[in-house]
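**Student:** Quick note: the sequence shown, position 197, residue 196 per numbering that gives the first Met the number 0, numbers continuous.
All C-beta atoms in this analysis are idealised placements derived from N, C-alpha and C, irrespective of residue type, glycine included.
Model, not experiment: these values are computed from the prediction.
For reference, the structure I am asking about is given below.
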Amino acid sequence: MFDVFIIGGGINGSGIARDAAGRGYKVGLAEQYDFGSQTSSWSTKLIHGGIRYLENYEFSLVKESLNEREVIYQIANHISKPLNFILPHVPDLRPSWLIRIGLFLYDFLAGRSAFPKSKRLDLLKENLKFLSKNYQYGYQYADLQIDDSRLTLLNILDSENNGAQVFNYTKVTSVDKKDDHWEIGLSNGKKFLSKILINATGPMIEGAFRDIFKREVGNSIRLIQGSHIITNKLYEEDKAYILQQPDKRIVFVIPYLEKFSLIGTTEIEVSSAINPKITPQEKKYLIECVNRFSDKKIQEQDILWSYSGVRPLIQDSSESMTKNSRDYHLDNQLNSERLIHIYGGKLTTYRKLSEKTVDYIDAFFHKKLHHWTGLKKLPGSENNSKTGFKYKIEKETLNRITKNYGGLSDKVFECMDDLGGTGLKICDNLYEFEILYLIKFEHAKNEDDILFRRTKLGIQFNSEEIRNKIHTIINNYLN
Ligand SMILES: Cc1cc2nc3c(=O)[nH]c(=O)nc-3n(C[C@H](O)[C@H](O)[C@H](O)COP(=O)(O)OP(=O)(O)OC[C@H]3O[C@@H](n4cnc5c(N)ncnc54)[C@H](O)[C@@H]3O)c2cc1C
């Protein structure tokens with residue numbers, strides 16, 4: 000019997016699994032698709048205080064988020080990078096005194112920080128390639144960019160290092176409350192027992208209530224879709240832009256994976272969280288947002304790839320989606336039902352959310368609190384020791400692997416021993432040995448797991464031929 004069973008392997012479920020397993024609980028987790036394949040890979044990929052939440056007076060959320068920015072930078076340094084954000088001043092939208100107060104508060108709430116303080120910029124003197132000369136001054140502040148799906152996977156891998164049993168492509172189809180435990184039915188026909196159940200189904204929470212718990216959702220949820228587009232790199236400077244739009248929303252333009260620019264996000268209310276897709280209107284909106292600020296215009300043909308994600312926001316009294324709180328809510332029913340439902344949240348606050356959830360579990364079992372997840376690095380964040388290779392490997396592949404896997408790259412390269420070299424070349428920079436590693440050690444089961452969540456090469460290389468090659472390797476290996 001498990002102590003804790005978690006439904007959902009997004010960032011919140013994975014973070015809870017890591018924390019609880021590290022505190023000595025027997026943990027199980029089932030994810031119906033791939034780990035981190037839903038909202039947790041469709042974010043803007045920022046660990047940030049959320050400067051715009053200050054306008055809604057969400058000071059405690061911003062403070063907790065800024066604190067987490069420091070912690071996550073420490074524990075996940077190989078998949079994260081501090082980035083400067085430039086906010087061009089648009090006098091009609093927000094007066095400069097308001098922005099100055101906002102940035103002062105942001106710096107103040109961050110306290111002693113590894114990130115530089117904000118400053119005013121004379122934009123015309125900055126030699127910025129992206130911005131048109133219409134914007135004379137602005138402000139600069141820093142936040143953290145992160146690989147969101149990898150952050151989720153590293154939490155999964157670390158939960159396993161601490162003894163958790165995790166299953167991707169395994170849906171929880173039924174839950175049945177017995178006197179002192181839950182009986183959990185899975186799509187593969189297996190049944191597990193657990194003393195405690197955690198519902199971390201993210202934006203699919205309404206479906207989980209209806210289909211698995213057979214009851215009405217406890218809180219009223221709004222599903223808000225946000226979409227991003229990816230283009231070839233729009234400019235050389237290693238800075239992101241935060242662009243204020245006439246509707247008072249802000250849109251980010253962020254350097255992404257060295258070759259690309261990531262642009263987002265939109266906000267539209269939707270009725271389902273399943274398989275979100277960007278609409279033509281969202282594409283048009285994002286293109287206009289960029290073109291408003293740059294002389295180098297983009298158009299629909301420049302979009303290389305796009306993705307959409309859905310956030311579940313707990314309905315509050317605000318009319319506007321932008322003003323609806325991004326804070327999370329833990330519905331602790333341990334004493335009555337041995338159950339916790341997780342509502343809402345941000346990537347940034349997942350570790351804190353997880354810690355608070357496992358604190359409730361400690362309290363339920365009358366155990367002493369044991370906080371550890373902010374002190375121990377995630378797998379791969381420790382130094383990489385490899386110096387030489389037995390087999391010849393291109394510099395670009397070597398660099399990409401070292402960057403992506405950090406301290407785990409030794410283990411990736413060791414898979415060349417199984418093949419007596421790199422094995423089959425799949426496309427530029429991707430060889431069979433890496434696929435072998437991903438199948439053996441990182442739960443990869445299909446082409447998208449490899450091309451999108453674990454390597455991101457799919458943005459450039461996603462042809463039928465490439466997918467077939469990967470498919471054959473996976474089939475050969477798994478059978
Ligand atoms: C457009 C957008 C941009 C964002 N940008 C940022 C950002 O830059 N920074 C930030 O901090 N936050 C950001 N967020 C918020 C952040 O992405 C989410 O808060 C976070 O990813 C939610 O994680 P989750 O684990 O709750 O949900 P999910 O990642 O959706 O995970 C829930 C999982 O539960 C699984 N599941 C559901 N039902 C079952 C079942 N019956 N059996 C098994 N599994 C099941 C689903 O398949 C899913 O994988 C953004 C959100 C959006 C939509």
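Within 10 angstroms of its Cβ, does asparagine 487 collect 16 or more other Cβ (buried), or is it exposed?
**Tutor:** A query on residue 487 cannot be resolved here, the shown segment of the chain reaching from 0 to 478 and no further.
**Student:** Would you please verify whether the beta carbon of lysine 238 is less than 9 Å from any beta carbon of chain E?
**Tutor:** Note that chain E does not occur in the displayed structure, where there is just one protein chain.
**Student:** In angstroms, rounded to a whole number, what distance separates the CA positions of glycine 35 and threonine 151?
**Tutor:** Computed Cα separation, rounded: 6 Å.
**Student:** Measure from the alpha carbon of tyrosine 404 to the alpha carbon of each residue in Asp179, Phe292, Tyr436 and Leu185, then state which is nearest.
**Tutor:** Measuring from the Cα of tyrosine 404, the nearest candidate turns out to be Tyr436.
**Student:** Tell me whether threonine 264 is buried or exposed, calling it buried when 16 or more other Cβ atoms sit within 10 Å of its Cβ.
**Tutor:** Answer is buried; the Cβ neighbour count reaches 16.
**Student:** Which runs of the alpha helix (DSSP H) fall wholly inside the segment 33–86 and span at least 4 residues, in chain order?
**Tutor:** The qualifying runs are 58–74.
**Student:** On the premise that threonine 347 lies in contact with isoleucine 46, defined as a C-beta separation below 8 Å, what is that separation, rounded to the nearest angstrom?
**Tutor:** Right, the Cβ-Cβ distance comes to about 5 Å (below 8 Å), so this counts as a contact.
**Student:** Quick one: measure Cβ to Cβ for valine 89 and glutamine 243, integer angstroms, because I've assumed they're closer than 8 Å.
**Tutor:** Contact holds; Cβ gap of about 5 Å.
**Student:** Rounded to whole angstroms, what's the CA-CA distance from valine 289 to asparagine 83? Just pull it up for me.
**Tutor:** Valine 289 and asparagine 83: Cα-Cα distance of roughly 18 Å.
**Student:** Rounded to the nearest angstrom, how far is the Cβ of serine 193 from that of methionine 0, given a contact under 8 Å?
**Tutor:** 6 Å between Cβ atoms; contact.
**Student:** I need the boundaries of the alpha helix (DSSP H) containing isoleucine 98, first residue and last residue.
**Tutor:** Run containing isoleucine 98: 95–109, per the alpha helix (DSSP H) assignment.
**Student:** Are the beta-carbon atoms belonging to glycine 137 and arginine 119 less than 9 Å from one another?
**Tutor:** Cβ distance < 9 Å, so glycine 137 and arginine 119 count as in contact.
**Student:** For glycine 21 versus threonine 372, is the C-beta spacing smaller than 9 Å?
**Tutor:** Yes. Within cutoff.
**Student:** Per the contact definition of three or more C-beta pairs closer than 8 Å, is the segment 145–162 in contact with the segment 26–44?
**Tutor:** Flag = yes, the segment 26–44 and the segment 145–162 touch.
**Student:** Looking at lysine 128 and glutamate 236, is the spacing between their C-beta atoms short of 9 Å?
**Tutor:** In this structure, lysine 128 lies closer than 9 Å to glutamate 236 by Cβ.
**Student:** Just to check, is the beta-carbon of isoleucine 449 closer than 8 Å to a non-hydrogen atom of ligand 1?
**Tutor:** No, Cβ of isoleucine 449 sits at least 8 Å from all heavy atoms of ligand 1.
**Student:** Can you tell which of Tyr168, Glu257 and Ile71 has its C-alpha closest to the C-alpha of glutamate 395?
**Tutor:** Comparing Cα positions, the closest option is Glu257.
**Student:** Under 8 Å from any heavy atom of ligand 1, does the C-beta of aspartate 210 make it?
**Tutor:** Within the cutoff, so yes.
**Student:** State the DSSP-derived secondary structure class of aspartate 447, mapped to helix, strand or coil.
**Tutor:** Aspartate 447: helix per DSSP, three-state reduction.
**Student:** Alpha carbon to alpha carbon, how far is lysine 366 from isoleucine 469? Give it in angstroms, no decimals.
**Tutor:** Each residue's alpha carbon lies about 47 Å from the other.
**Student:** Provide the residue(s) that pair with serine 311 in DSSP beta bridges, ordered along the chain.
**Tutor:** The question names serine, but residue 311 in the sequence shown is proline. Answer is Leu222.
**Student:** Under three-state DSSP, which class holds threonine 356?
**Tutor:** In this structure, threonine 356 counts as helix in the three-state DSSP scheme.
**Student:** Ligand 1 heavy atoms versus the CB of threonine 169: any closer than 8 Å?
**Tutor:** The answer is yes for threonine 169.
**Student:** Pick helix, strand or coil for aspartate 91, following the three-state DSSP scheme.
**Tutor:** The answer is coil: DSSP assigns aspartate 91 none of H, G, I, E or B.
**Student:** Give me the Cα-Cα distance between isoleucine 204 and lysine 410, rounded to the nearest whole angstrom.
**Tutor:** Approximately 37 Å, taken between the alpha carbons.
**Student:** Do tyrosine 327 and tyrosine 342 come within 9 Å of each other at the CB atom, strictly closer than that value?
**Tutor:** Going by C-beta atoms, tyrosine 342 is nearer than 9 Å to tyrosine 327.
**Student:** If isoleucine 438 and tyrosine 476 are in contact, beta carbons under 8 Å, what's the gap, nearest whole angstrom?
**Tutor:** Rounded, the Cβ-Cβ distance is 5 Å, consistent with contact.
**Student:** Reducing DSSP to helix, strand and coil, say where arginine 17 ends up.
**Tutor:** Correct three-state label for arginine 17: helix.
**Student:** Quick check: isoleucine 223 and valine 309, are their CB atoms within less than 9 Å of each other?
**Tutor:** Contact: yes.
**Student:** Suppose the cutoff is 6 Å on Cβ atoms and the five residues either side in sequence are ignored; what does the same chain contact list for lysine 238 look like?
**Tutor:** For lysine 238, where only same-chain residues beyond five positions count, the Cβ hits under 6 Å are Asn83 and Ile85.
**Student:** Pick out the complete beta strand (DSSP E) segments inside the segment 183–269, 3 residues or longer, and give them in chain order.
**Tutor:** DSSP runs (the beta strand (DSSP E)) wholly in the segment 183–269: 190–198, 220–231, 238–243, 249–255, 259–263 and 267–269.
**Student:** Within 8 Å: the Cβ of methionine 203 and any heavy atom of ligand 1?
**Tutor:** Under cutoff, so the answer is yes.
**Student:** Taking 7 Å as the limit between beta carbons, can you name the residues of its chain near histidine 370, skipping five residues before and five after?
**Tutor:** So the qualifying residues of the chain are Glu354.
**Student:** Considering only the alpha carbon of each residue, which of Asp91, Ile267 and Leu153 lies closest to glutamate 381?
**Tutor:** Nearest C-alpha to glutamate 381: Leu153.
**Student:** For serine 271, is the beta carbon positioned less than 8 Å from some heavy atom of ligand 1?
**Tutor:** Serine 271: no, Cβ never under 8 Å from ligand 1.
**Student:** Which class does histidine 470 belong to by DSSP, given the choice of helix, strand or coil?
**Tutor:** Here histidine 470 sits in helix by DSSP.
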